[in-house]
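Each residue of the sequence shown is one higher than the one before, starting from 0 at the first, in numbering that gives the first Met the number 0.
A short worksheet on the structure shown next.
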Amino acid sequence: MHILKRPRRLRLNEQMRSMVRETVVTPKDLIYPLFVVEGKGIRNEVASMPGVYQLSIDNLLKEIEDVAKSGINGVILFGIPDNKDERGTGAYAEDGIIQKALREAKKEFPNILLIADVCLCEYTSHGHCGIVQNGKVLNDESVELIAKTALSYAHSGADIVAPSDMMDGRVYSIRKILDQNNYTDTAIMAYSAKYASSFYGPFRDAANSTPLFGDRKSYQMDYGNVNEALKEIEIDIEEGADIVMVKPALSYLDIINRASSKFHVPIAAYSVSGEYSMIKAASHNGWIDEKSVVIETTTAIKRAGADIIITYYAKDLVKWVTQAGCV
Ligand code: PBG
Numbered sequence: 000m001h002i003l004k005r006p007r008r009l010r011l012n013e014q015m016r017s018m019v020r021e022t023v024v025t026p027k028d029l030i031y032p033l034f035v036v037e038g039k040g041i042r043n044e045v046a047s048m049p050g051v052y053q054l055s056i057d058n059l060l061k062e063i064e065d066v067a068k069s070g071i072n073g074v075i076l077f078g079i080p081d082n083k084d085e086r087g088t089g090a091y092a093e094d095g096i097i098q099k100a101l102r103e104a105k106k107e108f109p110n111i112l113l114i115a116d117v118c119l120c121e122y123t124s125h126g127h128c129g130i131v132q133n134g135k136v137l138n139d140e141s142v143e144l145i146a147k148t149a150l151s152y153a154h155s156g157a158d159i160v161a162p163s164d165m166m167d168g169r170v171y172s173i174r175k176i177l178d179q180n181n182y183t184d185t186a187i188m189a190y191s192a193k194y195a196s197s198f199y200g201p202f203r204d205a206a207n208s209t210p211l212f213g214d215r216k217s218y219q220m221d222y223g224n225v226n227e228a229l230k231e232i233e234i235d236i237e238e239g240a241d242i243v244m245v246k247p248a249l250s251y252l253d254i255i256n257r258a259s260s261k262f263h264v265p266i267a268a269y270s271v272s273g274e275y276s277m278i279k280a281a282s283h284n285g286w287i288d289e290k291s292v293v294i295e296t297t298t299a300i301k302r303a304g305a306d307i308i309i310t311y312y313a314k315d316l317v318k319w320v321t322q323a324g325c326v
């Protein structure tokens with residue numbers, strides 16, 4: 000007997016739908032990015048990212064307390080130093096902004112994973128992610144400073160260091176210097192497939208890191224490429240990355256999917272500033288519903304294969320998915 004197939008049966012009501020739902024976002028999937036500045040009592044809202052703030056360490060600690068209560072496992076910290084120079088010395092200074100923030104945060108919140116973004120672009124006067132000579136970003140000289148920065152963050156309390164510079168060989172050099180100094184437990188989350196994307200615009204306002212000349216296309220990846228992403232990820236795993244990242248997320252779901260099918264390490268995806276600002280702006284205008292769009296897009300990132308999602312919506316998401324009964 001022929002039976003009419005009725006897939007709608009499993010969509011009949013929310014109880015049925017939630018019973019068969021394959022992908023659900025939970026607080027443990029999320030990492031919350033935070034921007035740290037020098038000073039006291041500072042909480043500057045970023046104009047292009049409503050709801051995102053540059054925080055002085057006292058306010059940063061309050062924010063981390065909130066995050067800890069919400070059930071999110073970790074935060075990723077970005078530093079905005081008072082002074083910049085050619086060699087980005089603020090990135091690896093003993094009293095650098097991130098070093099100070101890590102020391103205080105580790106003391107107060109030993110159970111929150113502290114991830115330190117490792118890059119020079121917020122610290123260099125020219126805004127590039129490495130050392131510049133005659134208009135070129137040098138690789139090996141930059142890697143040396145990037146590894147030094149990672150060691151300094153590990154020493155200050157980072158549980159995970161996350162190199163976002165896209166220089167060749169940085170993961171190898173970071174793993175080596177960490178191991179030589181007995182930081183064998185410090186994990187590396189490599190921004191492995193990081194594309195030269197226009198979606199980073201609002202972040203550069205937040206972190207004050209727009210390059211003074213040129214662009215980042217000689218180190219970040221060309222968005223036409225898939226094989227190059229798989230190659231970069233493979234190299235980073237060989238060099239010792241514990242977690243690899245695809246960035247941005249929404250326009251790169253295919254890359255996340257390919258990476259998660261091919262490699263057997265945790266895959267992180269960074270839903271970047273431009274993705275956040277687009278949703279904020281459209282919802283501010285009443286054109287889309289912020290909450291449901293954010294749950295939908297974040298679920299899509301997880302469904303594509305991401306195990307870890309870095310998002311400026313992390314705190315809101317926890318509230319929303321808990322309310323919606325999704326966890
Ligand atoms: C630093 C860095 C950037 C982002 C994360 N780490 C900016 C860039 O590469 O220009 C972007 C994050 C975002 O847009 O939310 N290299």
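Built from N, CA and C at the ideal position, the CB exists for glycine as well.
A heavy atom of the ligand PBG is found nearer than 8 Å to the CB of ASP116. If you look at LEU60, you'll find it in the alpha helix (DSSP H) that goes 56-69. Cβ-Cβ separation between ASP253 and SER191: approximately 15 Å, too far for a contact (criterion under 8 Å). A direct Cα-to-Cα measurement between PRO32 and LYS4 gives close to 46 Å. Cβ contact annotation for GLU107 (same chain, cutoff 7 Å, sequence separation greater than five): LEU60, in chain order. If you check the CB distance, ALA248 and TYR222 do not come in under 9 Å.
Counting the other Cβ atoms within 10 Å of the Cβ of SER197 gives fewer than 16, which makes it exposed.
When ARG8, ASP28, LEU9, MET18 are compared, the shortest CA-CA separation from ALA299 is found for ASP28. The residue among VAL245, VAL292, VAL317 with its C-alpha nearest the C-alpha of GLY304 is VAL245.
Non-local beta-carbon contacts of TYR182 in its own chain, meaning distances under 8 Å to residues more than five positions away in sequence, involve LEU150, ALA153, HIS154 in chain order. The way I'd put it, the region 157-173 does touch the region 99-115; three or more beta-carbon pairs between them come closer than 8 Å. Bridge pairing for ALA248: absent [DSSP].
In the same chain as VAL131, and ignoring 5 residues on each side of it, the C-beta atoms closer than 8 Å to its own belong to GLU85, THR123, HIS125, LEU137, in chain order. Spanning the alpha carbons of LYS279 and VAL320 requires a straight line of approximately 18 Å. Scanning its chain for C-beta atoms nearer than 8 Å, with the 5 sequence neighbours on each side dropped, one finds around GLN219 the residues MET165, LYS193, TYR194, ALA195, SER196, in chain order.
Only residues of its own chain outside the window of five on either side were considered, and among them PRO247, ALA248, LEU249, THR296, THR297, ILE300, ILE308, ILE309, THR310, TYR311, TYR312 have a CB closer than 8 Å to the CB of SER270, listed in chain order. If the five residues before and after ALA146 are omitted, its C-beta is found closer than 8 Å to the C-beta atoms of ARG169, SER172, ILE173, LYS175, ILE176, all from its own chain and listed in chain order. When the alpha-carbon of ILE79 is set against those of THR148, ARG302, CYS120, MET18, the nearest one is in CYS120.
Set against 8 Å, the gap from the CB of SER163 to the closest heavy atom of the ligand PBG is smaller.
Membership of SER291 in the alpha helix (DSSP H) is indicated by the continuous run 289-303. A residue is called buried when at least 16 other Cβ atoms come within 10 angstroms of its Cβ; THR185 meets this threshold and is buried.
For ARG42, the enclosing beta strand (DSSP E) has its first and last residue at 42-45. Between ASN43 and ALA189, the alpha-carbon positions lie close to 29 Å from each other.
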